[in-house]
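In this note's numbering, the protein residues as written are 672 to 957.
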């Protein structure tokens, strides 16, 4: 039965038009090469070469198949190379979800590193509501998840990457300059613009701890899903907020970040026992 190796023998002989030279080039004996060509002709029921003791020439059919098979083998090599890259996790698609606080600097730096090592890897970035994160990961809608919460699901691995301060974010000309300026009385007088992270999220828990620490009972008068939207509102003096310090990595103008004695963690989450080599490669980088 015709195979790719026979086609490669044919193409080499079609270039060399010399059995001895071809046998040397492909690493088989001249008689073995002759048998392979005869078997190919028999399989196709076609004559590919005119040959006698001195000369080898392509038939018209041979010329046609040489052009066609050369193009097909090039395509086949490209396909095989792409398949190998997928097998090694060097290309394919990675769907990655992340919190808005990483948008400014952390995420771009991370994506830049991944892209420099795996330039053919397609990356899809998504932002999800807190309630959607775990199910999206478990149901293969995303491959990896950056989150502020550790995940305790038996189907998901979580690893802490970093810890950072929470900050009170105020307009640049606000009376609060440092943490020493913050007191129970003057903080309770502020209007708060807070992100909605979900009732059971670590962010909601942290906000409650901050309010309890300063003994205030303040509600958010503006709620927003994304901190990157809140910062322009603070710049317009519509209120103050409590955000992770990573928002300040974008050198936000018109606002001031004042560190608070509270901290938030960053985790990377992925499915346990996932055979996707892309995930393993990216985890090694991170």
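Positions of the beta carbon are idealized from the N, C-alpha and C atoms, including for glycine. Quick caveat: nothing in here was measured; it's all calculated off a predicted structure.
inquiry  = Just to confirm my understanding: we take residue 898, look at its own chain, exclude 5 residues before and 5 after, and list those with CB closer than 8 Å. What are they?
reply    = For residue 898, same chain residues with a beta-carbon under 8 Å away, outside a window of 5 residues either side, are 771, 772, 866, 912, 914, 915 and 918 in chain order.
key: Cβ shell of residue 877 (< 7 Å), same chain only, five flanking positions each side left out   = Around residue 877: 837, 933 and 935.
ask   = So the beta strand (DSSP E) residue 942 belongs to, where does it begin and stop?
value = 926–942
ask   = Out of curiosity, what's the CA-to-CA distance linking residue 824 and residue 800?
value = 18 Å
ask   = Start and end of the alpha helix (DSSP H) containing residue 786?
value = From DSSP, the alpha helix (DSSP H) with residue 786 extends over 777–788.
request  = Spatial neighbours of residue 809 within its chain, please: CB distance less than 8 Å, with the 5 preceding and 5 following residues excluded, ordered by chain position.
outcome  = 824, 826, 827 and 942
query = Is residue 813 helix, strand or coil by DSSP?
reply = coil
ask   = Are residue 816 and residue 949 close, meaning C-beta to C-beta below 8 Å?
value = Taking a C-beta distance under 8 Å as the contact criterion, residue 816 and residue 949 do not qualify as a contact pair.
inquiry  = Buried or exposed, going by whether 16 or more other CB atoms sit within 10 Å of the CB of residue 693?
reply    = buried
ask   = Is residue 887 near residue 904, with beta carbons less than 8 Å apart?
value = no
ask   = If we call anything under 8 Å between Cβ atoms a contact, is residue 813 one with residue 797?
value = It is a contact, given that the beta carbons lie within the stated cut-off.
Simplified DSSP state of residue 839, which is helix, strand or coil = Strand.
Local conformation of residue 680 per DSSP, three classes = helix
ask   = What do you get for residue 811, buried or exposed, if any count of 16 or more other CB atoms within 10 angstroms of its CB means buried?
value = Flag for residue 811 reads exposed.
query = Mind pulling the beta strand (DSSP E) runs of 3 or more residues that sit fully within the segment 842–899?
reply = Every beta strand (DSSP E) stretch that sits fully inside the segment 842–899 and reaches 3 residues is listed by chain position as 863–866 and 891–895.
key: DSSP state of residue 639 mapped onto helix, strand, coil   = The structure shown does not extend to residue 639, since the chain is modelled only from 672 to 957, so the question has no answer here.
request  = Out of 872, 835 and 881, point me to the one whose CA is closest to residue 853's CA.
outcome  = When each option's Cα is compared against that of residue 853, the closest is 881.
query = By Cβ distance below 7 Å, which residues in the same chain neighbour residue 804 in space, the five residues on each side in sequence not counted?
reply = 768, 816 and 818
inquiry  = Suppose only complete runs of 4+ residues qualify. What are the alpha helix (DSSP H) ranges in the segment 681–751, listed by chain order?
reply    = 690–697 and 701–715
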